[in-house]
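For reference, the structure is listed below as structure tokens.
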Amino acid sequence: MGTGRRRNRVLAAVVGAGLPAGAVLVLRVDGESGQHIPPDRAERHRVQRYHTDFVVLPEPGARPDPPRDLTATPAAGRLRLAWADGLPGGPAPRGAVGYEVRLGERTRLTAAPVTEFDGLPDGVAMPASVRSVDAFGRRSDPIGLPGVVHESWRDGLTGALEEFPDGTRAGWHLSGHPGCVDVGTRAPGERGLPVDVGCGADEAVLSTRAPMTLDGGTGRFTVLTDAAGPGGILTIDLAPGRADRIGTRDPASVPPPVLRVVADDAGVRIGTAPPARRAPRRGAGVAHRFEVRLSPQGVEVAQDGLTVATSSTPVPWTRAYPLVGVRGPDGRRSRVHVTAIGHTGPATPVPTSDEVQVVPATRRVLGPAEQAPGSGISRTPLTRATTARVVATLTADTGLDPGAITIQLGQADLPATPTIPGPFTPGSSITVTADLPTTLLGDNGAPTLSPLVVRAPGATGQTLVQEMYLELDQAPPGWAAPPRTSTRRPTIPALPRTTLTLGNAAGRDLPGATPKSPEADSPPPTSTRPPPNGTPAPRRAWNCSSTAG
1 MGTGRRRNRV
11 LAAVVGAGLP
21 AGAVLVLRVD
31 GESGQHIPPD
41 RAERHRVQRY
51 HTDFVVLPEP
61 GARPDPPRDL
71 TATPAAGRLR
81 LAWADGLPGG
91 PAPRGAVGYE
101 VRLGERTRLT
111 AAPVTEFDGL
121 PDGVAMPASV
131 RSVDAFGRRS
141 DPIGLPGVVH
151 ESWRDGLTGA
161 LEEFPDGTRA
171 GWHLSGHPGC
181 VDVGTRAPGE
191 RGLPVDVGCG
201 ADEAVLSTRA
211 PMTLDGGTGR
221 FTVLTDAAGP
231 GGILTIDLAP
241 GRADRIGTRD
251 PASVPPPVLR
261 VVADDAGVRI
271 GTAPPARRAP
281 RRGAGVAHRF
291 EVRLSPQGVE
301 VAQDGLTVAT
311 SSTPVPWTRA
321 YPLVGVRGPD
331 GRRSRVHVTA
341 IGHTGPATPV
351 PTSDEVQVVP
361 ATRRVLGPAE
371 QAPGSGISRT
381 PLTRATTARV
391 VATLTADTGL
401 DPGAITIQLG
411 QADLPATPTI
421 PGPFTPGSSI
431 TVTADLPTTL
441 LGDNGAPTLS
451 PLVVRAPGAT
461 GQTLVQEMYL
471 ELDQAPPGWA
481 APPRTSTRRP
491 TIPALPRTTL
501 TLGNAAGRDL
511 PGATPKSPEA
521 DSPPPTSTRP
531 PPNGTPAPRR
541 AWNCSSTAG
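Heads up: the sequence shown begins at 1 in the UniProt record's numbering, then just goes up one per residue.
In structure tokens form, the structure reads like this:
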């Protein structure tokens with residue numbers, strides 16, 4: 001009996017052990033073909049660079065390649081070095097994530113393939129070298145170049161050369177949204193003209209008062225600025241007329257006579273043509289020299305002496321007014337430096353005129369018969385000017401007739417002429433000028449001129465005045481426009497002065513009545529109850545007049 005039970009237990013154990021093996025055998029057989037599935041033979045990898053869970057350290061690998069094509073661009077007191085993909089068509093070194101740059105005894109690390117050294121003595125030779133640096137901090141072999149600081153880039157700029165030595169924009173007009181664009185105060189070590197773009201979405205435009213004249217169809221315009229750094233935009237317009245702003249950001253909005261060159265992260269392009277080659281990398285805060293070279297064969301644009309864009313279409317004019325537009329990265333407050341501006345050709349004297357900002361009664365351009373607000377301007381700036389004109393920049397809209405724009409100043413309707421012929425696309429900027437008659441100048445006349453508005457047929461609610469100012473010629477040296485300031489005038493708190501007069505019930509003054517001073521003790525309140533004998537109390541009236549101090 002006991003033997004049979006033990007036999008059954010052994011049999012049950014054997015059957016139980018065979019069930020998993022059978023299941024495995026069944027799973028190893030393909031259900032459709034019946035073929036046996038071989039077991040997995042995956043290789044096992046042993047991690048040699050284990051650091052912590054889910055972290056495997058990389059291997060250093062080969063050392064980075066040295067950079068190629070080191071170039072030096074000198075300027076007054078500074079030297080800019082560029083190499084590798086910081087030059088047009090240059091390749092980035094393999095394995096490089098940064099660079100170590102040496103100039104004389106100075107060393108710096110930079111992520112961009114371009115850098116600039118300031119505060120250098122002119123005419124002194126200093127060796128320069130650049131090494132590639134990989135992610136492990138290992139350096140490549142250096143590439144060397146002797147650097148000599150000189151001023152050869154100034155050669156030939158006989159027409160004009162402005163380096164803004166005192167940090168002001170004398171001879172140049174700055175156009176931008178009020179409160180968003182202004183000339184900043186230059187800090188120690190800064191050079192050129194610092195332009196603060198405070199709203200992060202506006203463009204500052206510098207326009208000259210003196211034209212650039214071609215010599216046999218040949219000329220060169222040069223600007224040295226850091227505006228085309230990462231996220232920034234540099235715009236150069238050469239226009240046959242003197243304007244403060246032209247078109248929009250879209251090059252297609254520029255009238256045909258105007259030559260526009262744009263430099264940004266996408267490259268350098270002339271007009272509406274796309275960039276012909278990859279743009280060299282530009283470092284933040286590094287000034288680059290952009291040159292627009294004109295000839296009868298076409299237009300050529302160079303960055304730091306190297307050609308970056310060309311066009312086979314020559315310009316149709318022999319004289320042009322340059323405009324330089326600078327814009328920082330969108331959505332950021334930025335400071336852009338315009339270090340120098342110059343051009344070739346004969347020197348043209350800059351007109352000696354004063355600008356006086358004026359505010360129109362309304363920013364909207366009115367129709368010819370539309371009612372104008374009564375606000376105007378003071379005649380004070382016009383009393384000592386011999387000639388004067390109104391300069392206004394408008395935003396065009398569909399239906400606007402640029403040839404019929406007028407500026408109403410008081411009772412005078414002044415024809416306003418666009419400085420550049422159209423056509424103009426909606427949203428474009430148009431600069432118009434209107435000469436003031438001599439009857440509005442001098443000491444004779446009303447102290448104010450009202451209204452001051454712009455009128456044009458076809459004007460809509462989107463036709464606006466961007467800016468307006470008076471340009472006064474031959475103003476006496478003793479008169480100058482009052483300086484603009486954002487500081488509020490201090491005020492002194494003062495209490496109102498009070499005068500008391502006694503009067504009767506009819507409101508007439510009582511002769512000989514002298515009330516107490518308000519500073520004296522106040523009299524007891526007069527009771528309105530009738531006296532005990534029933535006779536009414538006499539009525540007294542107090543007239544109080546107050547004059548604010």
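We put the beta carbon where it would ideally sit given N, CA and C, even for glycine.
All of these numbers come straight from a predicted model, not from anything done at the bench.
Quiz item: Counting only runs that start and end within the region 444-476, where is the alpha helix (DSSP H) found for 4 or more residues in a row?
Solution: none
Self-check item: Contacts around Gly231, its chain only, beta-carbon distance under 6 Å, and the 5 residues preceding and following it disregarded
Solution: Position 231 of the sequence shown, counting from 1, holds the residue named residue 231. Result list for Gly231: Pro329, in chain order.
Quiz prompt | Complete beta strand (DSSP E) runs within the region 251-322 (minimum length 3 residues, chain order) | solution = 259-264, 267-270, 288-295, 298-303, 306-311
Quiz item: So is Pro280 buried or exposed if we call it buried at 16+ other beta carbons inside 10 Å?
Solution: Residue numbering aside, residue 280 sits at position 280 when the sequence shown is read from its first letter. Answer is buried; the Cβ neighbour count reaches 16.
Quiz item: For His173, which beta-bridge partners are listed by DSSP?
Solution: On the sequence shown, residue 173 is found 173 positions in, with the first residue counted as 1. Answer by DSSP bridge pairing, in chain order: Ser207.
Quiz prompt | Simplified DSSP assignment, three categories, for Leu382 | solution = Counting from one through the sequence shown, the residue named residue 382 turns up at place 382. Three-state result, Leu382: helix.
Quiz prompt | Thr425 - containing beta strand (DSSP E), residue span | solution = The count along the sequence shown starts at 1 and reaches residue 425 at position 425. Segment: none, Thr425 is in no beta strand (DSSP E) and carries neither H nor E.
Practice problem: Could you round the C-beta distance between Arg333 and Ala227 to whole angstroms and report it? I think they count as a contact, below 8 Å. | Solution: In the sequence shown, counting from the first residue as 1, residue 333 sits at position 333. In the sequence shown, counting from the first residue as 1, residue 227 sits at position 227. Contact doesn't hold; Cβ gap of about 15 Å is too wide.
Quiz item: Quick one: what's got a C-beta closer than 7 Å to Ser428's C-beta in the same chain, skipping five residues either side?
Solution: For the purposes of this step, residue 428 is identified with residue 428 of the sequence shown, where counting begins at 1. Around Ser428: Gly247, Thr248, Ser253, Ala396.
Practice problem: Give the secondary structure of Pro329 by DSSP, where H, G and I count as helix, E and B as strand, and everything else as coil. | Solution: Along the sequence shown, read from residue 1 onward, the residue named residue 329 stands at position 329. Three-state DSSP puts Pro329 in coil, outside helix and strand.
Self-check item: Residue(s) in a DSSP beta bridge with Arg116
Solution: Within the sequence shown, the letter at position 116 stands for residue 116. Here the sequence assigns Glu to residue 116, which means Arg is not the residue at that position. Note: Glu116 sits in a beta bridge opposite Arg80.
Self-check item: Touching by the beta-carbon criterion (3+ pairs, under 8 Å), the region 357-377 and the region 257-270
Solution: no
Exercise. Compare the C-alpha of Ala239 against each of Ile233, Phe221, Thr225 and name the closest.
Key: Here residue 239 refers to the residue found at position 239 of the sequence shown. The shortest C-alpha separation from Ala239 is found at Phe221.
Practice problem: Rounded to whole angstroms, what's the CA-CA distance from Gly137 to Asp53? Just pull it up for me. | Solution: Locating residue 137 in the sequence shown gives position 137, counting from the first residue. Locating residue 53 in the sequence shown gives position 53, counting from the first residue. So the alpha carbons of these two residues sit roughly 25 Å apart.
Quiz item: If we ignore side chains and look at the alpha-carbon of each, how far apart do Ser140 and Gly119 end up?
Solution: Residue mapping note: residue 140 aligns to position 140 of the sequence shown, counting from 1. Residue mapping note: residue 119 aligns to position 119 of the sequence shown, counting from 1. Ser140 and Gly119 have their alpha carbons spaced roughly 28 Å apart.
Quiz item: Roughly how far, in whole angstroms, is the beta-carbon of Gly192 from the beta-carbon of Thr339, given that I think they are within contact range, below 8 Å?
Solution: Taking the first residue of the sequence shown as position 1, residue 192 is located at position 192. Taking the first residue of the sequence shown as position 1, residue 339 is located at position 339. Between Thr339 and Gly192 the Cβ distance is about 4 Å, and since that is below 8 Å, they are a contact.
Practice problem: Given a cut-off of 9 Å, decide if Leu470 and Ala404 are closer than it, judged by their beta-carbon atoms. | Solution: On the sequence shown, residue 404 is found 404 positions in, with the first residue counted as 1. On the sequence shown, residue 470 is found 470 positions in, with the first residue counted as 1. The answer is no: Cβ separation not under 9 Å.
Quiz item: Assuming Pro211 and Ala320 make a contact with CB atoms under 8 Å, what is their CB distance in whole Å?
Solution: Position 211 of the sequence shown holds residue 211. Position 320 of the sequence shown holds residue 320. With 8 Å as the limit, Pro211 and Ala320 qualify as a contact, their Cβ atoms being about 6 Å apart.
Quiz item: With C-beta atoms as the reference, is Pro437 less than 9 Å away from Gly376?
Solution: Residue numbering aside, residue 437 sits at position 437 when the sequence shown is read from its first letter. Residue numbering aside, residue 376 sits at position 376 when the sequence shown is read from its first letter. Annotated as distal: Pro437 and Gly376, with beta-carbon spacing of 9 Å or more.
Quiz item: Looking at the unbroken beta strand (DSSP E) that takes in Leu510, where does it start and where does it end?
Solution: Here residue 510 refers to the residue found at position 510 when the sequence shown is read from its first residue. Here Leu510 belongs to no beta strand (DSSP E), and DSSP marks it neither H nor E.
Quiz item: Which class does Leu400 belong to by DSSP, given the choice of helix, strand or coil?
Solution: Along the sequence shown, read from residue 1 onward, the residue named residue 400 stands at position 400. If DSSP states are grouped into helix, strand and coil, Leu400 belongs with coil.
Quiz item: Terminal residues of the continuous beta strand (DSSP E) containing Val181?
Solution: Position 181 of the sequence shown, counting from 1, holds the residue named residue 181. 181-183 is the span of the beta strand (DSSP E), which, as asked, contains Val181.
Exercise. Reducing DSSP to helix, strand and coil, say where Arg138 ends up.
Key: Along the sequence shown, one-based indexing puts residue 138 at 138. It is coil, neither helix nor strand.
Exercise. Just mark Ala263 as buried or exposed, buried being the case when its beta carbon has 16 or more other beta carbons within 10 Å.
Key: For the purposes of this step, residue 263 is taken as residue 263 along the sequence shown, with counting starting at 1. Ala263 should be labelled buried.
Quiz item: Does the beta-carbon distance from Val336 to Val197 come in below 9 Å?
Solution: On the sequence shown, position 336 is the one that residue 336 refers to. On the sequence shown, position 197 is the one that residue 197 refers to. Against a cut-off of 9 Å, the Cβ pair of Val197 and Val336 comes out as a contact.
Quiz item: Would you call Arg108 buried or exposed, if buried means 16 or more other Cβ atoms sit within 10 Å of its Cβ?
Solution: The residue you call residue 108 lines up with position 108 of the sequence shown. The residue in question, Arg108, is exposed, as its Cβ has fewer than 16 Cβ neighbours within 10 Å.
Exercise. Could you check if Glu519 is buried or exposed, using at least 16 other CB atoms within 10 Å of its CB as the buried criterion?
Key: Sequence index remark: in the sequence shown, residue 519 carries index 519 (1-based). Annotation note: pLDDT 47 at Glu519 (below 50); position unreliable, coordinate value reported separately. Exposed: under 16 other Cβ atoms inside 10 Å.
Self-check item: Residue span of the beta strand (DSSP E) that contains Glu355, given as start and end
Solution: Here residue 355 refers to the residue found at position 355 when the sequence shown is read from its first residue. 353-357 is the span of the beta strand (DSSP E), which, as asked, contains Glu355.
Quiz item: Which of the three DSSP states, helix, strand or coil, is assigned to Thr439?
Solution: What you label residue 439 is simply residue 439 of the sequence shown in a count that begins at 1. Three-state result, Thr439: helix.
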